[in-house]
Amino acid sequence: MNLVLIGGAIGGIGLFLLGMRLMTDGLKLAAGAMLRDVLTRWTRTRGRALWSGVLITGIVQSSSAVTVASIGFVNAGVLTLGQAMWVIFGSNVGTTMTGWIVALVGFDIKIEAFALPLLGIGMFLSLTGVSSRRGAFGEALAGFGVFFLGIATLKTTFAGLGQAVDLGAFVSGGILNDIMFVAIGIVMTTLVQSSSAVIAIALTAAAGGILTVEAGASLVIGANVGTTTTAALAVLGATSNARRVAVSHVVFNVLTGIVALLLLPVLLVIVDATEKTLAAGVGSTAALALFHTVFNVLGVVLMWPLAPRLETWLADRFVTAEEDEARPRHLDDTGLALPALALDAIVLELGRVAAVAFGIARAAFLDPAASADRLRRRRGIIDALNDAIVAYVQKLSAANNAQAVAEALPHPIRALMHLSGIADLGLAVAGRRAEIAALPDDVENQIISYATLIVGQIDAAEQLFGEGAGSLPTEDATLPVYNRLKVAFLAAASRGDLSADQTEIALDTLHDLKETAHLIDRVCKRIAAIHQAAAGGMEGEPAGQGT
């Protein structure tokens, strides 16, 4: 072994990794819209989600890109955890296409005959189509060219190494030898952060006589397990959904790797039979590519019955305070047979929604230090509880056809709409904090004073939820203040004391505060109506309940 061979190996790996990066980045840009469309439209069942993962990964040549996209869609609520899991399982099968490209193209024809033209054409398209889909496609073509040049370099280098290295000193056979190569595959993949690169190296080394088929298969298993380190590193400090998706990725790859290692003798019989049917010179590489595909498909088969249990287990892991708060605590199906108890449970759950909505509004109006991002996260609690309460109301409606129940059930639905509106108004005010602070001091102080009145109305409303009795807080006390301030701000604008932008900010904020007071008024009347129905005293909607 000499420095030329070592340099060739390092350079070949570098070319391969550079090609993979160019190819993946280009294809992600060129096919970005397709990736989003497929993930949002074609993942409704686990079978379709599986095939979506296979298809997208085969196109963009990056399981990591598909994993990251899946995590993003889960966080956005576009995909469920279960759908994302099957997309990722499919991406593990789709990523085996890289091995087939190396095996069937990289060793069967003269690589330079098409690698260099691909590189030239790709760079031309990239330079003439900057920031366009054509440019992205050109970058991908150039990446393919560099990718195959890396394979050619590795092929030549490993052919020389095969003559210089005594395999008997490294490959002794047996389970310990297999475990050693699995560990090497894990370490290599962790270092280069690309299982495709390590698998291509394994295939090229096998073609050059450096590795036996058994050692290459063990290295491929290690690369498949090692790729989970990318996902594990990517979700450090990430959201709970991201961690759940990453854990499902780790479970799939580790389980698949363990089973493949235990069944390695059986799988190698299949590999050996396949190798003998292929032309000389490509048999070992094609056989390893087949091995990679077979054991990933085997992993899908293993996970098919286990995935529902894994999803259920993961749902209870990495639970944030917001997620725990978003779970209903009072809605019990056993109470559906007793409408009064069911309505009481609904009020208790509405109280939890109100606590979040009122908290968002209070912090937005009077706490400059409150994080806008945290307020938006807490808005998600309302959405989750809203879905649970609506579903419970529908169950109660189906279980009871009494007139009193039918008349009571619209109230919680409307109350939820009002509470969601209060939270959204709070977020709107929080979003213009900087502009409010830039207003003249007297205008800002008047807005703060008005907001303080609204918060007082919120405090009174919270007592209604807690005690279910007392006088209803209304908007009557705050509406005159709104009218007075509106006239004052318009007068200031006419004198030139407020610019057009400042006037818009001041009036928009006044409007949001007034609407908050109105919605608090409506929520309280809805809750009072539900209490009245639960007590058996409601004969219909009270006067003034039209909205």
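Heads up, the sequence shown is in this note's numbering, so the first residue is 998 and it goes up one at a time. Ideal placement from N, C-alpha and C gives every residue a C-beta, glycine not left out. Quantities reported herein were computed from a predicted structural model and do not represent experimental measurements.
Query, Result
"Cβ distance (whole Å) where residue 1285 is taken to contact residue 1179 below 8 Å", "Contact flag wrong, Cβ pair sits at about 14 Å."
"4-residue-minimum alpha helix (DSSP H) runs that sit fully inside the stretch 1189-1230, ordered along the chain", "1192-1204 and 1210-1223"
"Residue range of the unbroken alpha helix (DSSP H) whose run includes residue 1477", "1476-1492"
"Opening and closing residue of the alpha helix (DSSP H) in which residue 1083 lies", "1078-1091"
"Euclidean distance between Cα positions of residue 1039 and residue 1084", "10 Å"
"C-alpha gap between residue 1022 and residue 1498, whole angstroms", "42 Å"
"DSSP state of residue 1126 mapped onto helix, strand, coil", "coil"
"C-alpha gap between residue 1283 and residue 1221, whole angstroms", "17 Å"
"Contact under 8 Å by Cβ, residue 1307 with residue 1245", "yes"
"Cut-off 7 Å between Cβ atoms - residues of its own chain near residue 1163, not counting five sequence neighbours on either side", "Because residue 1163 sits at a pLDDT of 48, beneath the cut-off of 50, its placement in the model cannot be relied upon, and the following sentence gives the value as read from the coordinates. Correct list: empty, nothing qualifies."
"Endpoints, alpha helix (DSSP H) assigned at residue 1337", "1336-1363"
"Residue 1437 burial status per 10 Å Cβ neighbour count (16 or more: buried)", "exposed"
"Nearest residue (CA-CA) to residue 1581, options 1425, 1355 and 1379", "This structure does not reach residue 1581, given that the chain is present from 998 up to 1544, and the question cannot be answered."
"Rounded distance between the beta-carbons of residue 1358 and residue 1513, thought under 8 Å", "6 Å"
"The stretch 1120-1139 / the stretch 1086-1096 touching (three or more Cβ pairs under 8 Å)", "no"
"Straight-line gap, residue 1289 to residue 1214 (C-alpha atoms, nearest Å)", "8 Å"
"Rounded straight-line distance, which links the Cα of residue 1210 to that of residue 1181", "15 Å"
"Residue 1097: first and last residue of the uninterrupted alpha helix (DSSP H) it sits in", "1094-1101"
"Exposure of residue 1259, with buried meaning 16 or more beta-carbon neighbours within 10 Å", "exposed"
"Complete runs of the alpha helix (DSSP H) confined to the stretch 1397-1462 [at least 4 residues]", "1400-1405, 1407-1427 and 1430-1434"
"Boundaries of the alpha helix (DSSP H) in which residue 1241 is found, first to last residue", "1237-1259"
"Residue 1310 burial status per 10 Å Cβ neighbour count (16 or more: buried)", "exposed"
"Secondary structure of residue 1119, DSSP reduced to three states", "helix"
"Under the three-state DSSP convention, the category residue 1472 falls into", "coil"
"Identity of the residue in 1055, 1360 and 1414 nearest residue 1524 by Cα", "1414"
"Residue 1501 to residue 1420 span [Cα, whole Å]", "21 Å"
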